[in-house]
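Colleague: I'd like to ask you about the structure that follows.
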Amino acid sequence: LAVIALVGGFTALFAATMGVVKQELKQVLAYSTISQYGYMMLALGSGGYVAAVFHLTTHAVFKALLFLGAGSVIIAMHHNENMWDMGGLKDRMPVTYWTFLSGSLALAGIVPFAGFWSKDEVLYEALIHGLASDGGLGPVYLIAYAMGLLAVFMTGFYTFRMVYLTFHGEPRTDVARDPVPVGWNVKGPLSVLGVLAATVGLVNMKPVADLTGAHIDFLHTWLNGPEEGGWPAALNTGLHHYEELLHDVAGVNSGYLPGIGSEGTLIASAALSLGLALAGLLAARSLYGGAEPVEHTDRLGGAKTILMHNYYQDEYQVWLATGFTYPLARAMDKFDQGVVDGVVNGVSSVSLFSGRRVRRIQSGVVSNYATLLTLGLVVLLVAFGVVGGWF
Numbered sequence: 008l009a010v011i012a013l014v015g016g017f018t019a020l021f022a023a024t025m026g027v028v029k030q031e032l033k034q035v036l037a038y039s040t041i042s043q044y045g046y047m048m049l050a051l052g053s054g055g056y057v058a059a060v061f062h063l064t065t066h067a068v069f070k071a072l073l074f075l076g077a078g079s080v081i082i083a084m085h086h087n088e089n090m091w092d093m094g095g096l097k098d099r100m101p102v103t104y105w106t107f108l109s110g111s112l113a114l115a116g117i118v119p120f121a122g123f124w125s126k127d128e129v130l131y132e133a134l135i136h137g138l139a140s141d142g143g144l145g146p147v148y149l150i151a152y153a154m155g156l157l158a159v160f161m162t163g164f165y166t167f168r169m170v171y172l173t174f175h176g177e178p179r180t181d182v183a184r185d186p187v188p189v190g191w192n193v194k195g196p197l198s199v200l201g202v203l204a205a206t207v208g209l210v211n212m213k214p215v216a217d218l219t220g221a222h223i224d225f226l227h228t229w230l231n232g233p234e235e236g237g238w239p240a241a242l243n244t245g246l247h248h249y250e251e252l253l254h255d256v257a258g259v260n261s262g263y264l265p266g267i268g269s270e271g272t273l274i275a276s277a278a279l280s281l282g283l284a285l286a287g288l289l290a291a292r293s294l295y296g297g298a299e300p301v302e303h304t305d306r307l308g309g310a311k312t313i314l315m316h317n318y319y320q321d322e323y324q325v326w327l328a329t330g331f332t333y334p335l336a337r338a339m340d341k342f343d344q345g346v347v348d349g350v351v352n353g354v355s356s357v358s359l360f361s362g363r364r365v366r367r368i369q370s371g372v373v374s375n376y377a378t379l380l381t382l383g384l385v386v387l388l389v390a391f392g393v394v395g396g397w398f
């Protein structure tokens, strides 16, 4: 589980770094999706089964909203996806802007939008299990938690870099000054998803439930199943059995920051995450919130080239396929045809050859059969005589 958590935290951070430099609207959203999947795996590896399902649920809502909003912008821009050709769309596409902003706040994890509740529960699970797990697993969880926190800052940054470049400032092209109108067949679903992105997190406000005692952790209650017979047995998902396995088999235990207990740890984790998200938002506003924003990623130097090429993953995959996998496959094909098929075909050829030769004695002539029987009897007598010392 610790390995899964580490891979999840790394994925969240790895994909977020690439989203920072992308220039096309859907590319930013694509890498943010990979990053959010990393958070889900971080939750699963940390024993946060409910947190993973919760983040999957909220992410489905706000990412659907953001992709639909991106589609609305792309239609208005005559299918141009480059954010540097946009700007000033806030006043020209108000419905798209406000709903897109709702999804962006949810993605960045700003309270009280949906992503805040689910992402912070993911990070909280990683933190508390990193503070107390057995077998040296604690530091692994804490490393994964730290990578998740860095990804929080980058998520806030690239999300609002996208918002400011797309909707704020002055229009940077003629198409942005006079975008194509988008109908209510697009704006209607955007409005529904915009409301959900702001409210769907209310289905599992477990931090608030833990602090206040209010029963507002509906998703957790449902996944936990009947504790005192209140649920039908068919709805019991067995979460309590999962938690027992975490403790007894995997050695994943819960711990809290010294001196402040569970409630203090919960508040500290949420405050740190929210602070980093806001810091990323403010950094994006500072760099890209002006009327005429300029590209700042050139300051990254060679790192920008690496990020723009996605750490050269495509080149690596092509090299791996053409330089290693393909030659290995050709060699294995030749081995299969020359050795494996050769053995199989050789055995069958021997059988066919022997069958053709033996079949000749099946002539159907009785005198031939009598001759063969006589010869066989003579051979047996000679053999017994030699072995038995008759001669």
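To convert a position in the sequence shown, counted from 1, into this note's numbering, add 7.
Note that CB positions come from ideal geometry on N, CA and C, so glycine has one too.
Please report the residue range of the alpha helix (DSSP H) in which R168 lies.
Modeller: Counting along the chain, the alpha helix (DSSP H) containing R168 begins and ends at 145 to 174.
Colleague: Can you tell which of L156, T64, G362 has its C-alpha closest to the C-alpha of G16?
Modeller: Ranking L156, T64, G362 by Cα distance to G16 puts L156 first.
Colleague: Can you name, in chain order, every residue of its own chain whose Cβ lies under 6 Å from the Cβ of A113, other than the five neighbours on each side?
Modeller: Cβ neighbours of A113 beyond the five flanking positions: F69, F120, A121, G122, A204.
Colleague: Since M161 and T24 should fall inside the 8 Å C-beta cutoff, what is the C-beta to C-beta distance between them, to a whole number of angstroms?
Modeller: Contact holds; Cβ gap of about 6 Å.
Colleague: From T329 to T40, what does the alpha carbon distance come to, in whole angstroms?
Modeller: Going by the C-alpha atoms only, they are around 29 Å apart.
Colleague: Use the C-beta contact count for F360: other C-beta atoms within 10 angstroms, 16 or more gives buried, fewer gives exposed.
Modeller: F360 should be labelled exposed.
Colleague: Over the uninterrupted alpha helix (DSSP H) stretch that includes N375, give me the two end residues.
Modeller: Looking at the DSSP string, the run of the alpha helix (DSSP H) that includes N375 is 373 to 395.
Colleague: Whole angstroms are fine: how far does the CA of R306 sit from the CA of P101?
Modeller: Rounded to the nearest angstrom, the two C-alpha atoms are 33 Å apart.
Colleague: Would you mind stating whether K33 and I81 have Cβ atoms separated by less than 9 Å?
Modeller: Cβ atoms of K33 and I81: closer than 9 Å.
Colleague: Which parts of the stretch 93 to 120 are runs of the alpha helix (DSSP H), unbroken and 4 residues or longer, counting only runs that do not cross its ends?
Modeller: 101 to 115, all fully within the stretch 93 to 120.
Colleague: How big is the Cα-Cα spacing for F342 and L327?
Modeller: Answer to the nearest angstrom: the Cα atoms are 21 Å apart.
Colleague: By the 10 Å Cβ neighbour count, where 16 or more other Cβ atoms means buried, how is Y319 classified, buried or exposed?
Modeller: Per the 10 Å Cβ criterion, exposed.
Colleague: Given T272, which residues of its chain have a CB within under 6 Å of its CB, disregarding the five upstream and five downstream residues?
Modeller: The answer, listed in chain order, is Y263, L264.
Colleague: Between which two residues does the alpha helix (DSSP H) containing R184 stretch?
Modeller: Taken as a continuous stretch (DSSP letters only), the alpha helix (DSSP H) holding R184 covers 181 to 184.
Colleague: Can you list, in chain order, the residues of its chain whose CB lies under 6 Å from that of E235, leaving out five sequence neighbours each side?
Modeller: Reliability of the predicted coordinates at E235 is poor, the pLDDT of 46 falling under 50, and no value is obtained from them.
Colleague: Under 6 Å Cβ to Cβ from F174, same chain only, skipping five residues before and after it: list those, please.
Modeller: Excluding residues within five positions, the ones whose Cβ falls inside 6 Å are L96, K97, Y104.
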